[in-house]
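Participant:
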Amino acid sequence: MTDYNTQVRQYFNLHTEGKICKKCWKKFVDNYKIDHLLEMNAKAQMNLGTDATKQDQQLALDTAKYVKEKIMEIDKKKAESMFPEIELK
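Taking the numbering used here, the leading residue of the sequence shown gets 927, the next gets one more, and so forth.
(1) Is it true that the CB of I1012 sits closer than 8 Å to the CB of K996?
(2) Measure the alpha-carbon distance for K949 versus M1008 and round it to whole angstroms.
(3) Here's the rule: buried if 16 or more other CB atoms are within 10 angstroms of the residue's CB, otherwise exposed. What is L963?
(4) From A986 to L940, what distance separates their C-alpha atoms?
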């Protein structure tokens, strides 16, 4: 088992041994990727406050756009529901 497989299994508290059907495994991997992208966005948004500069705000917006684009590659419907305010070109 690869390190990546082990990380996904640990993240979702799955047994470290045994097979998982391809459809289920894809679902776990997709959710794992989305969770990490959302964590990236949360860290960027966390830096915004009343003293945030225009650069801070732009960086957070750029991060949100990047995250939405990447989530759209995985699940377009989820991306639209998570980031309805973000318009992509």
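Here a beta-carbon is modelled for each residue, glycine too, at the ideal position from N, C-alpha and C.
Facilitator: Walking through what the data contain:
(1) To locate residue 996, count along the sequence shown from 1; it is residue 70. To locate residue 1012, count along the sequence shown from 1; it is residue 86. No, the Cβ-Cβ distance between K996 and I1012 is not below 8 Å.
(2) Reading the sequence shown from its first residue, position 23 is the one you call residue 949. Reading the sequence shown from its first residue, position 82 is the one you call residue 1008. Linking K949 to M1008 through their CA atoms gives a straight-line distance of about 23 Å.
(3) Along the sequence shown, one-based indexing puts residue 963 at 37. Per the 10 Å Cβ criterion, buried.
(4) The residue you call residue 986 lines up with position 60 of the sequence shown. The residue you call residue 940 lines up with position 14 of the sequence shown. Approximately 33 Å, taken between the alpha carbons.
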